[in-house]
Each structure stands twice: as structure tokens, then as C-alpha cells.
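Structure, as C-alpha cells:
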């Protein structure tokens, strides 16, 4: 049963909201029972969510509780495994609508990572194989992403702001297919070409999240004049556009790249990367929807930003639906539920205030978003709580 739960976790969650294991190595550790017990229980707690057997799904609570108990007993052990456990427990907390617990586990993980000098050149041991060094870098990157998400909801300051570590992790990152290849364990970092892959690109993309959130908070507080809003949104938009423009060709969203991702097991990571891009773009231009009905809507840039907001919200929905059609599976972690709600909010706005020709497509995409939310809600209580809003909108 443990092997099935581990496989389920790797299939549904790992590579979406975080990448903290080398999958083949984790499976090899599970078979003889050499994997750290707290890791095994936490992974199984997440993996059990997706079982078709109700009795197996009911094991989640007990597995999660045991993972927490083992983690707390071993808390003073400063090791990379405890960073992994912290991130797994943060994932479980996020999915259960416990943002404070999520932030606590992420903070514990950042503290351990800081003591270990994780992400710095000091953490790279000469002669280590690709798996060891790249797994460490991906754990640091996953923690960087998780901290920005968990801190945002509570208005906390991010601690992982070391530019040198960020640059090192991104520049030294190993290309994904090399990392996942069967021969990776026999190679050294010097054998790789240092080409940033999907997860390195996700790290740099997530770096835009904080400034966009700060911008939206300033607007909500009324602390920005109209010229300042225009200047900031132009700068932030240009930064996002530059990220997308300089994305390597093999990481851009296309039928060819998605097909390649299906063959090498990276379709979920590729889709997650581009869903995040469309989400952040939607979030950046979201404020312009209110201006559509205001006295300044005549300005050209206001109209342009409204178009961009609707475009990215619609593209998010289309990509989410297309991924399921092609792979037969959803992007299956609770964070995606929040992104879907933002996309749906724009689609609802279009239904209420858009032109007649926009309505059929907006309604179809809203229904598609709702279907995904409903499926995700089976596994994540946090997503279940979000379903009320789209349900009410669909009844109009």
C-alpha cells in the first residue's frame, strides 16, 4: 500500500506545487524501507487522497498525524530530510485551509535550509552526483516558491531573498530530462550543460508574485495615484513579458513541447509553469476591470489592460482544460484552486459587463473551471471552500 501511495503522490502532486525528490531514488528507498519514516508518512498522507478506495482515503488523517509526531520528535535534527518533511506538511496544511500552519512549516523549513546553507555554493559538495546536488537545489527552489505563496496570504515578509543563492540555483540547475534520466546517478554536475529547466524557470517566474501582490495591496489601500498605478503596472507587465519572451524554445507552450512532456513525464510541470504565468498576468491586470466602469476608462492603457486581463484569464482556463484532454489528468494540488478562482472571477465579470459576443466563450470557460474545481475539491478541503463562489455565479 505504501508503494501505491508514493506513486500516487508522485503522479498527482510532485512536479506541480513542488519538486523535492528524485522520483526514482524515492521509490528505491521505499522498497527496502530506508526512507525516513516522517517522509514516508507525509508522502503517503498526500498520496492516499487520490485512492479510489474509501478506506484508504480515510487513512490520510492518521498518516498525517504520525508524520507530524515523528517530525516534532526529530525537529532539532538539522538535515535536508526535515526540510522535505516540512514542505510536505505545509502542503497538507494548505490543502486543509490552515494557512497559519502552512506558514509555520514553511518557516521551519527555511530556518533549517538557512543553517544548511542550502542553495548556496557551500552546499554543493565536489564530486557529488547530479541527483544529490540537483535535488538540493530543487528543494531550495520549492521552498522559495512555497514561501512566497504562504507569506502572501498572511502578509508576512519573505526571508528567502538572497540574490546570490537564487542566481546560483537557477544558473547551476540541471536540465529536467537529464535529472530524470536513468543514467543521472552515474553523472556529475560537470557532465551537464547547466541549461535551466522547467523548475528553474518556475523559480524566476514566482519571483514576480511578491511585487504584483504588493502592487495590488497598495491599490486596495488607496495609496497610489493614477500616474503611479500606470507606471507600476507598465513596469511589472514589462517584466512578465520579458520573462515569457526569453523562455527557451523547448519550454514554451506548444503542441510539440507538450507531446514531448508526455513522453518524458514533464507535461505536468510544463503546464504548471504556463498556468502560473497566466495567473500572475491576470492578477497584475485585475484592477483594470474596475476601471472599465469608471470615469477614466477612456484612457487607451486602461482598455489595453482589460483586454490583457481577459486574455490571460481565458488562456488559463483553456490551458487547464487542454491539459486534461491531452493527459487525462488534472493539475492536482490545492494552489491551483486559488488560480482557478482568479480566472473565474474575470470570466464572471465578462458575463456581467462584457459584450454580447464574449458571453458564450466566457460561460463555457467558467463551466470548465467549475468542473475542475469540483474534482479538486474531492481531495482538498481548501478547494471545496472555493466552489461556492463559482456555483452561485453559474446560477445567474
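In the working numbering, the protein residues as written are 1 to 396.
Glycine residues also receive a C-beta, built at the ideal position from the N, C-alpha and C atoms.
Rounded C-alpha distance that separates residue i from residue j
i, j, result
"residue 449", "residue 378", "Nothing in the structure corresponds to residue 449, since the chain is present only between 1 and 396."
"residue 322", "residue 265", "17 Å"
"residue 369", "residue 43", "28 Å"
"residue 84", "residue 357", "49 Å"
"residue 268", "residue 72", "32 Å"
"residue 240", "residue 58", "42 Å"
"residue 166", "residue 114", "13 Å"
"residue 341", "residue 145", "20 Å"
"residue 380", "residue 170", "31 Å"
"residue 221", "residue 210", "17 Å"
"residue 214", "residue 207", "12 Å"
"residue 282", "residue 17", "19 Å"
"residue 238", "residue 30", "46 Å"
"residue 3", "residue 150", "30 Å"
"residue 255", "residue 353", "33 Å"
"residue 212", "residue 349", "21 Å"
For residue j and residue i, believed in contact at Cβ under 8 Å, the rounded distance
i, j, result
"residue 285", "residue 309", "4 Å"
"residue 91", "residue 159", "Not quite, the Cβ-Cβ distance comes to about 19 Å (not below 8 Å), so this is no contact."
"residue 19", "residue 142", "6 Å"
"residue 257", "residue 273", "Contact flag wrong, Cβ pair sits at about 11 Å."
"residue 334", "residue 94", "5 Å"
"residue 359", "residue 366", "In fact, because the Cβ distance is near 10 Å, the residues do not count as touching under 8 Å."
"residue 339", "residue 236", "At roughly 18 Å, the Cβ-Cβ gap does not stay under 8 Å, so residue 339 and residue 236 are not in contact."
"residue 41", "residue 87", "Between residue 87 and residue 41 the Cβ distance is about 14 Å, and since that is not below 8 Å, they are no contact."
"residue 45", "residue 74", "No, residue 45 and residue 74 are not in contact; Cβ-Cβ is about 17 Å, not under 8 Å."
Where residue i falls: helix, strand or coil (DSSP)
i, result
"residue 18", "strand"
"residue 129", "strand"
"residue 166", "helix"
"residue 256", "helix"
"residue 338", "helix"
"residue 47", "helix"
"residue 32", "coil"
"residue 385", "coil"
"residue 452", "Outside the displayed range of the chain (1 to 396) lies residue 452, so it cannot be described from this structure."
"residue 78", "coil"
"residue 320", "helix"
"residue 160", "coil"
"residue 355", "coil"
"residue 120", "coil"
When the options are compared against residue i, the one with the closest alpha-carbon
i, options, result
"residue 346", "311, 58, 371, 20", "311"
"residue 154", "98, 170, 177, 166", "98"
"residue 199", "211, 218, 221, 248", "248"
"residue 79", "5, 116, 102", "116"
"residue 7", "213, 353, 326, 48", "48"
"residue 280", "227, 226, 205, 235", "205"
"residue 135", "81, 167, 94", "81"
"residue 118", "140, 217, 34", "140"
"residue 179", "56, 105, 245, 130", "130"
"residue 108", "137, 327, 68", "68"
Residue interval of the alpha helix (DSSP H) (run including residue i)
i, result
"residue 197", "Counting along the chain, residue 197 falls outside any alpha helix (DSSP H), and DSSP gives it neither H nor E."
"residue 286", "Premise fails: residue 286 is in no alpha helix (DSSP H) and is neither H nor E."
"residue 106", "99-115"
"residue 235", "226-245"
"residue 62", "60-73"
"residue 332", "First-last for residue 332: undefined, no H or E at that position."
"residue 216", "209-221"
"residue 398", "No answer is possible for residue 398: it lies beyond the span of the chain, which begins at 1 and ends at 396."
"residue 55", "54-57"
"residue 251", "That residue, residue 251, is in no alpha helix (DSSP H); it is neither H nor E in DSSP."
"residue 178", "176-180"
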